[in-house]
Amino acid sequence: MITRDMIIGDIIRNHPETVPVFKLHRLECYECQIADLETLEHGAGHHKLDIDLLLAELNSACSHST
Numbered sequence: 456m457i458t459r460d461m462i463i464g465d466i467i468r469n470h471p472e473t474v475p476v477f478k479l480h481r482l483e484c485y486e487c488q489i490a491d492l493e494t495l496e497h498g499a500g501h502h503k504l505d506i507d508l509l510l511a512e513l514n515s516a517c518s519h520s521t
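The sequence shown maps to residues 456 to 521 in my numbering.
Below, the structure is given as structure tokens:
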């Protein structure tokens, strides 16, 4: 399960199926060096995204890949 306090880079490395969700929200995290330092909640806030919606979509992507 992906949580708001996880590091974005870790999410992408451990759950590559989430990349389309990041792309959908125009988060180029998979190409950003800060992704290895930034939490999902901070990144969502910086880009003015609803963290709860983003979490739901990321977790849904993970559950559909199993």
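We put the beta carbon where it would ideally sit given N, CA and C, even for glycine.
- Note that the C-beta distance between histidine 480 and leucine 504 is below 7 Å.
- Here the region 512 to 520 does not lie against the region 484 to 491, with fewer than 3 beta-carbon pairs under 8 Å apart.
- The DSSP-derived three-state label of threonine 494 is strand.
- The beta carbons of leucine 482 and methionine 461 sit about 14 Å from each other, so the pair does not count as a contact at 8 Å.
- Annotated as distal: isoleucine 506 and alanine 516, with beta-carbon spacing of 7 Å or more.
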